[in-house]
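S.K.: Heads up, the sequence shown is in the numbering used here, so the first residue is 26 and it goes up one at a time.
Built from N, CA and C at the ideal position, the CB exists for glycine as well.
One structure, as structure tokens, below. Some questions next.
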Amino acid sequence: MSAKSPLYKKLCQLKSLETAWRVVQQNGLQSQSPDTYDEVVEFGKNSKAELRRLQKELLDRKFRFRPSRGIAAKKKGKTKKRPIVSSPVRERVVQRAILDRLQKHPAIKRGLRAGFNYGGLNDLGVPAAVGHAYQVAQSHKFFIRTDIKSFFDKVPRARAIAPILDAVKHDQDFSMLFTEAVTTELENLAALPPEDQRLFPLGETGLPQGSALSPLVCNLYLADFDREFNSRGIVCIRYIDDFILFARDEKSGRATFTKALKMLADLGLEAYDPRDGSKKAEEGAVAKGFEFLGCKVFGKQVIPNSASRSRLLKKIRDVFSESLKLSVKPREALRRELTYTHALVRVSNIVRGWGNTYFFCNDERIFTQLDVEIDREVLDFQGRWDHRTKSLGARDRRLSLGVRVLEDRKREQSVLTTPPRKIQRKKGSPVSLLPT
């Protein structure tokens, strides 16, 4: 390996790949996609050998990114689809290892900390972003909150990755690997409808949604934007494509927002304008409250907003509804992990995850009220499940609960019909009568 490839050398270390794998594994096991979950579980069965094999391919310069799977995800209640690019596990491990190296690079690290961006950084997140907005709101009177339109889809890829390539220009191996990592190639492109094919960043524009590297590239691309709009009494807090501007008064706030829109246009991007009536943008007096990243900030109170609370309850109802549909098909419910027990565990995890996301909110009444509503949903599920399964036999009802039966055990070749094999043993060692 060339002495001029220090980043690539560090990336190839087994320790780097193991660290990346742990993050990929954690994310995969929490994924809502059954395919992603299964791939991660399968990789994890022999992860040490897989990572050593991956390391050897990288060291021998034989590693190549395999095509990803394109998923045109449609949110319930919405017509617009979101182009998700799902890479194989090995590819995700390498992408994550690249990300870890880039985040530690001094020049890139400075760019990522240019202003107040809280998204896509290991030590920051939604609580820190909302907490900062809460603090700034105590001294600023006017705000404008908005969302950059189709952020990942509209980013000019060559311009966006240029600062990163410049920072690592002395490491050719790493530069080539990074460039390949942010280039999208789909294995199922031909199978997608033409209207879905156009959603994916296969040309000069856009970055793959679902890649660990895309937030970093976009954050660095907006470094100058973050610097510009955190001066002269203006505070801009950004979380990937969501940002909120705070100003001392309405006049300076609107003037600053107009400049922000101009700068985004120069970058090939645009944001929603609250003056156009967009539901994705908001402006007004801080004293009347504002919403940011799923939270409502009003005076000294910070609570999950109504949309976030509604989504929580809907997720719970959806899990229970799917489980009830399969309650009279116990083996299918078991296969899809939607038995009575599975449903309760899933809901418990949803509640725990949601609660952890909004742990910093300070109005306990909201959480108490939500717990009462969740109590109702659980009791309703229990009653409806009892009603639907009362006609099942004891065995099927047990399966529907989520408790397996021995008659479904894996039937391998019986030891009684297995041909005897020659037994070799040392003198004095015990002999097993069953094949191993």
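Short check: CB of GLY408 to CB of HIS367, under 8 Å?
M.R.: To locate residue 408, count along the sequence shown from 1; it is residue 383. To locate residue 367, count along the sequence shown from 1; it is residue 342. In this structure, HIS367 does not lie closer than 8 Å to GLY408 by Cβ.
S.K.: Using only alpha-carbon positions, find the residue among GLN222, ARG336, PRO218 that is nearest to GLU210.
M.R.: The residue given as residue 210 occupies position 185 in the sequence shown. Per the Cα distances, GLN222.
S.K.: Take every Cβ of the segment 295 to 304, pair it with every Cβ of the segment 128 to 140, and state whether three or more of those distances are shorter than 8 Å.
M.R.: The answer is no - the segment 128 to 140 does not touch the segment 295 to 304, with fewer than three Cβ pairs under 8 Å.
S.K.: Would you tell me roughly how many angstroms separate the C-alpha atoms of ASP191 and ARG434, rounded to the nearest one?
M.R.: For the purposes of this step, residue 191 is identified with residue 166 of the sequence shown, where counting begins at 1. For the purposes of this step, residue 434 is identified with residue 409 of the sequence shown, where counting begins at 1. Spanning the two alpha carbons is a distance of roughly 58 Å.
S.K.: PHE254: which of VAL180, ALA154, MET288 sits nearest, CA to CA?
M.R.: In the sequence shown, the residue the question calls residue 254 occupies position 229. Closest option to PHE254, Cα to Cα, is MET288.
S.K.: Secondary structure at GLU205, three-state DSSP: helix, strand or coil?
M.R.: Translated into positions along the sequence shown, residue 205 becomes position 180. Looking at GLU205 - three-state DSSP - the assignment turns out to be helix.
S.K.: Out of PRO108, ALA248, PHE282, GLY231, which one is the CA nearest neighbour of GLU220?
M.R.: Within the sequence shown, the letter at position 195 stands for residue 220. GLU220 has its Cα closest to that of PRO108, out of PRO108, ALA248, PHE282, GLY231.
S.K.: Count the other CB atoms, across all protein chains shown, that sit within 10 Å of the CB of SER373; report buried if there are 16 or more and exposed otherwise.
M.R.: As a working mapping, residue 373 is identified with position 348 in the sequence shown. It is exposed - the Cβ of SER373 has fewer than 16 other Cβ atoms within 10 Å.
S.K.: Check this for me: beta carbons of ILE169 and PRO299, under 8 Å apart or not?
M.R.: Position 144 of the sequence shown, counted from the first residue, corresponds to residue 169. Position 274 of the sequence shown, counted from the first residue, corresponds to residue 299. Contact: yes.
S.K.: Can you tell me which of the three DSSP states VAL110 falls into?
M.R.: Residue numbering aside, residue 110 sits at position 85 when the sequence shown is read from its first letter. Strand at VAL110.
S.K.: Taking three-plus beta-carbon pairs below 8 Å as touching, is the segment 314 to 327 in contact with the segment 193 to 205?
M.R.: Short answer: they don't touch.
S.K.: What three-state label does DSSP hand VAL260 in the structure shown?
M.R.: Within the sequence shown, the letter at position 235 stands for residue 260. Strand, per DSSP.
S.K.: In the DSSP assignment, what are the bridge partners of SER93?
M.R.: Taking the first residue of the sequence shown as 1, we reach residue 93 at position 68. According to DSSP, which records beta bridges pairwise, SER93 is partnered with LEU211.
S.K.: Could you check the C-alpha separation between GLY95 and PRO181 for me, to the nearest Å?
M.R.: Taking the sequence shown and counting its residues from 1, one reaches residue 95 at position 70. Taking the sequence shown and counting its residues from 1, one reaches residue 181 at position 156. Taking the straight line from one Cα to the other gives about 20 Å.
S.K.: Enumerate, from N- to C-terminal direction, the unbroken alpha helix (DSSP H) stretches of 4 or more residues contained entirely within the segment 155 to 186.
M.R.: Taking only runs of at least 4 residues, the alpha helix (DSSP H) segments lying wholly in the segment 155 to 186 are 176 to 179.
S.K.: With DSSP run on the structure shown, which of helix, strand or coil describes THR364?
M.R.: If you number the sequence shown from 1, residue 364 lands on position 339. DSSP places THR364 in coil when its eight states are reduced to three.
S.K.: Is it the case that the Cβ atoms of PHE177 and GLY231 are separated by a distance below 8 Å?
M.R.: On the sequence shown, position 152 is the one that residue 177 refers to. On the sequence shown, position 206 is the one that residue 231 refers to. Against a cut-off of 8 Å, the Cβ pair of GLY231 and PHE177 comes out as a contact.
S.K.: Considering Cα atoms alone, identify which of ASP421, LYS73, ALA312, ASP343 is closest to VAL161.
M.R.: Looking up residue 161 in the sequence shown gives position 136. For VAL161, the nearest C-alpha among the options comes from ALA312.
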